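Count along the sequence shown starting at 1, add 218, and that's the number in our numbering.
We put the CB at the ideal spot given by N, CA and C, even for glycine.
Since the model is a prediction, treat every value here as computed from it, not as a measurement.
Contents: one structure, followed by commentary.
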Amino acid sequence: MTNYNTYSERKLQGELNATRIAISKLQSEKAKLDKKIEKTTQKENAIKQALMQRLTPNDETAYALKNAKSLPEYTSHEQLLRDVMAEIEAEKE
């Protein structure tokens, strides 16, 4: 730290004014950063909320999961294709 005891009164006044200006500038920058942090935090919270809504199953999804049927394991592509085509035909009727 600087020893200000050796400074003249005029130099001390100059240093005091310069220090006050520096403090004022830093406080202004801090206020801007605080606002930026607040806006970014609000954005983060909005994103989290949107993700929660997407990841939380709605009633339709919950019902589908609760009443899901287990699918058979297919050993060939042809077998799967045959079953899918039969299911499509059944839905048409």
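Where residue i and residue j are concerned, what is the direct C-alpha to C-alpha distance, given to the nearest angstrom?
| i | j | result |
| --- | --- | --- |
| leucine 289 | lysine 253 | 54 Å |
| leucine 273 | leucine 244 | 42 Å |
| tyrosine 292 | lysine 310 | 24 Å |
Could you give the DSSP three-state label for residue i: helix, strand or coil?
| i | result |
| --- | --- |
| asparagine 285 | coil |
| tyrosine 222 | helix |
| glutamate 291 | coil |
What are the boundary residues of the alpha helix (DSSP H) that residue i is part of?
| i | result |
| --- | --- |
| glutamate 326 | Given a span of 219 to 311 for the chain in the structure shown, any question on residue 326 remains unanswerable. |
| glutamate 305 | 295-310 |
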